[in-house]
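One structure is given here, and the rest of the page talks about it.
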Amino acid sequence: MPSPDASPSPRLAAVLDRVDRNLDGSLARLCEFLRIPSVSTDPSHAGEVRRAGRWASDQLASLGFTSTLVETAGHPFVVAHHPGPGRGPRILYYGHYDVQPADPLALWRSGAFEPVIEEGPLGRRVVARGACDDKGQVMTFIEAFRAWTEVHGAPPVPVTVMLEGEEESGSPSLEPFLAAHREKLAASICIVSDTGMWDAETPAITTMLRGLVYDEVILRGPSHDLHSGMYGGTLANPINALVEVLGALHDRDGRVAIPGFYEGIVDPPKEVLTAWRSLPFDEREFLGSAGVSIPHGEPGRTTMERMWSRPTCDVNGIWGGYAGKGAKTVIACEAGAKFSCRLVAGMDPERIRRLLRGFIEDRLPPGITAEFHPHGVSPAIAVPVDGPLMQAARRGLRLAYGRDAAMIGTGGSIPAVGAIRRHLGIDSILAGFGLDDDRVHSPNEKFEVCCLHGGTRAHAAMLEEFAKV
Ligand code: BES
Ligand code: MN
Ligand code: MN
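For the sequence shown, this note's numbering begins at 963 and goes up steadily by one.
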């Protein structure tokens, strides 16, 4: 989608030039950030999570921000303010400094928290947990602030930065935090870099996110593990019960079989669907990035619809019984699973949770009980595609990349976007710089240096455009 070249103002050109010259330093700083194993779901890593928050906070402080760690019941938030030139719209930047667990460790080519720079088809890339999600992307705006500050003494607009340390564990402290700090987070718009580009040359703004409801179930039967010869066939086996009910979640064609699951769904607006249809989506390439050649999912839907505008139900983990070497004839006394549904507009997360739990409970054999543990929920969300700051962001992306941003959806969820709208009353612009093949949440996660570089240039240019509004 090339568009007529607008050229940067001399003031922006100087900043972009600084971004280019800083690139190796930016990459070195990102590697330092990546060496801190800030896994938020694992309580034993709490100290490391805090250290990563402190590291990001110190970076911002060194750029003239007033930066603090704000405590919550869980991991702290980084909150940093810069007055900019003392006028203009205040821009709130959101990102997260926590990362997913590195497991399974054996599948990493090198340590998950020992970043390595590799050469790939797009040039250099950095491989480490959090490289793309979200430390590399957080660095794109921090490095843009750096370039503006080094060249002109300050960013061209007032800036607030809010970095979360619990995004990857369902954002449990987010709502109370936003409710308690409404005033100090006041801004005209929120900018989020935690999504993807269309491809390495084409920037994207994500306007629709799916929601999520995540649950865990433990099935229990006998009081202790049993000899499967002595007891087998005489009582209900929790693992058998678990796989039977999980197996019933989908019909043979791939449709979710929970009664009422698809009720109330609102299709994306016509303009959005039209915009999606005009995107040159390559299904083969998309599936290829997952090492797959055959699509599978809800019948009668394209891969793009399945990914961006249809709900899912997936088992994310399953445990129980003997999985060690060799054979052990045992009936385990318990078994469990973690599972989650991606939600789209019109679906109420709590209703879906009730349906899921009821579906499981209704199908348990006599003698098996279920215990449920809720994890994060967030409803699906759409962000407005117009407004002067959105137009400014699009101009900035066009300046940096020489082509229009694709307006896309995503299958992922970012609970903060809805929470920021509810508590702070502002919308978010999701301008992200990841690529489909970045292996987020997976071993050997990577971030292309061209994405770090282009993302930093794009943020520098967006700042310039925000200052004109
Ligand atoms: N950055 C992702 C969300 C995302 C993934 C956006 C892929 C676009 C493309 C975010 O860090 C994430 O993983 N979110 C979780 C939310 C959950 C833990 C509540 C998700 O989507 O699973
Ligand atoms: Mn993320
Ligand atoms: Mn993530």
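We put the beta carbon where it would ideally sit given N, CA and C, even for glycine.
From a predicted model like this one, the values you see are computed outputs, not experimental measurements.
Problem set entry | According to DSSP, residues forming a beta bridge with Cys1152 | By 1-based counting over the sequence shown, the position of residue 1152 is 190. DSSP lists Leu1054, Ser1390 as partners of Cys1152.
Exercise. Does the Cβ of Asp1398 lie closer than 6 Å to at least one heavy atom of ligand 2?
Worked result: Locating residue 1398 in the sequence shown gives position 436, where the first residue counts as 1. Because no heavy atom of ligand 2 lies under 6 Å away, the Cβ of Asp1398 does not count as near it: no.
Exercise. I think Ile1114 touches Arg973, with their Cβ atoms under 8 Å apart; what is that distance to the nearest whole Å?
Worked result: Numbered from 1 along the sequence shown, position 152 holds the residue referred to as residue 1114. Numbered from 1 along the sequence shown, position 11 holds the residue referred to as residue 973. First, the amino acid is wrong: residue 1114 is His here, not Ile. Indeed they touch by this definition, with Cβ atoms about 7 Å apart.
For this session: Could you check how far apart the C-beta atoms of Ala1106 and Ala1422 are, in whole angstroms? I think they sit under 8 Å.
Result: Residue numbering aside, residue 1106 sits at position 144 when the sequence shown is read from its first letter. Residue numbering aside, residue 1422 sits at position 460 when the sequence shown is read from its first letter. With 8 Å as the limit, Ala1106 and Ala1422 qualify as a contact, their Cβ atoms being about 4 Å apart.
Exercise. Is DSSP giving Arg1182 helix, strand or coil here?
Worked result: Residue numbering aside, residue 1182 sits at position 220 when the sequence shown is read from its first letter. Three-state result, Arg1182: strand.
For this session: Compute the Euclidean distance between the alpha carbons of Gln1099 and Glu1126, then round it to the nearest angstrom.
Result: The residue labelled residue 1099 in the question sits at position 137 within the sequence shown. The residue labelled residue 1126 in the question sits at position 164 within the sequence shown. For Gln1099 and Glu1126, the distance between alpha carbons rounds to 13 Å.
Problem set entry | Cα-Cα separation between Ile1104 and Ser1133, rounded to whole angstroms | What you label residue 1104 is simply residue 142 of the sequence shown in a count that begins at 1. What you label residue 1133 is simply residue 171 of the sequence shown in a count that begins at 1. Roughly 22 Å between the two C-alpha positions.
Exercise. Say the cut is 6 Å; is the CB of Thr1157 nearer than that to a heavy atom of ligand 1?
Worked result: One-based indexing of the sequence shown puts residue 1157 at position 195. Checking every heavy atom of ligand 1 against the Cβ of Thr1157, one is found closer than 6 Å.
For this session: Report the three-state DSSP secondary structure of Cys1094 (helix, strand or coil).
Result: The residue labelled residue 1094 in the question sits at position 132 within the sequence shown. In the structure shown, Cys1094 sits in a helix (DSSP, three-state: H, G or I).
For this session: Flag this pair as touching only if the region 1170-1182 and the region 1332-1344 have three or more C-beta atom pairs under 8 Å; answer yes or no.
Result: Touching, yes.
Problem set entry | Span of the beta strand (DSSP E), counted from its first residue to its last, around Pro1336 | Residue mapping note: residue 1336 aligns to position 374 of the sequence shown, counting from 1. Taken as a continuous stretch (DSSP letters only), the beta strand (DSSP E) holding Pro1336 covers 1331-1340.
Exercise. Looking only at its own chain, which residues have a Cβ that is under 7 Å from the Cβ of Phe1248, when we skip the five neighbours before and after it?
Worked result: Start at 1 with the first residue of the sequence shown, and residue 1248 comes out as number 286. Result list for Phe1248: Thr1265, Asp1398, in chain order.
For this session: Pull up the DSSP beta-bridge partners for Lys1300, would you.
Result: Within the sequence shown, residue 1300 is the residue found at index 338, counting from 1. By DSSP's assignment, Lys1300 forms a beta bridge with Glu1178, Gly1279.
Problem set entry | Helix, strand or coil at Thr1196 according to DSSP, with G and I counted as helix | As a position in the sequence shown, residue 1196 is number 234, starting the count at 1. Here DSSP, grouped into helix, strand and coil, assigns Thr1196 to coil.
Exercise. In whole angstroms, what is the alpha-carbon distance linking Glu1206 and Ile1330?
Worked result: Start at 1 with the first residue of the sequence shown, and residue 1206 comes out as number 244. Start at 1 with the first residue of the sequence shown, and residue 1330 comes out as number 368. One C-alpha to the other measures close to 13 Å.
For this session: For Asp1240, count neighbouring Cβ atoms within 10 angstroms of its own Cβ and tell me buried if that reaches 16, exposed if not.
Result: Walking along the sequence shown from the start, residue 1240 turns up at place 278. Checking the sequence shown, residue 1240 turns out to be Ser, not Asp. With fewer than 16 Cβ atoms within 10 Å of its Cβ, Ser1240 is classed as exposed.
For this session: Name the one or two DSSP bridge partners that Gly1396 has.
Result: Taking the sequence shown and counting its residues from 1, the one referred to as residue 1396 is at position 434. Partner residues in the beta bridge of Gly1396, as assigned by DSSP, are Gly1158.
Exercise. Within 10 angstroms of its Cβ, does Met1101 collect 16 or more other Cβ (buried), or is it exposed?
Worked result: As a position in the sequence shown, residue 1101 is number 139, starting the count at 1. The residue in question, Met1101, is buried, as its Cβ has 16 or more Cβ neighbours within 10 Å.
For this session: Determine the contact status of Leu959 and Val1121, defining contact as a CB-CB distance below 7 Å.
Result: The chain is shown from 963 up to 1431; residue 959 falls before or after that span and cannot be answered.
For this session: Between the Cα of Ile1280 and those of Leu1204, Ser1185, Ser1150, spot the shortest distance and give me the residue it belongs to.
Result: The count along the sequence shown starts at 1 and reaches residue 1280 at position 318. When C-alpha distances from Ile1280 are compared across Leu1204, Ser1185, Ser1150, the shortest belongs to Leu1204.
Exercise. Going along the chain, which residues of its own chain have a beta-carbon closer than 8 Å to the beta-carbon of Ser965, five neighbours each way excluded?
Worked result: Here residue 965 refers to the residue found at position 3 of the sequence shown. For Ser965, the predicted structure reports a pLDDT of 46, less than 50, and the residue's modelled location is therefore unreliable. A value from the coordinates is still provided. Result list for Ser965: Arg1360, Gly1364, Arg1365, Asp1366, in chain order.
Problem set entry | Contacting residues, own chain, Cβ-Cβ under 8 Å from Arg1315 (five flanking each side not counted) | As a position in the sequence shown, residue 1315 is number 353, starting the count at 1. Closer than 8 Å at the Cβ level, and outside the excluded window around Arg1315, lie Val1175, Asp1177, Pro1336, Val1339.
For this session: Consult DSSP for Leu1022 and reduce its assignment to one of helix, strand or coil.
Result: Counting from one through the sequence shown, the residue named residue 1022 turns up at place 60. Note: Leu1022 maps to helix in three-state DSSP.
For this session: Flag this pair as yes or no: are the beta carbons of Ser1135 and Ala1018 separated by less than 7 Å?
Result: Locating residue 1135 in the sequence shown gives position 173, where the first residue counts as 1. Locating residue 1018 in the sequence shown gives position 56, where the first residue counts as 1. Their beta carbons are not under 7 Å apart, which means Ser1135 does not touch Ala1018 by this criterion.
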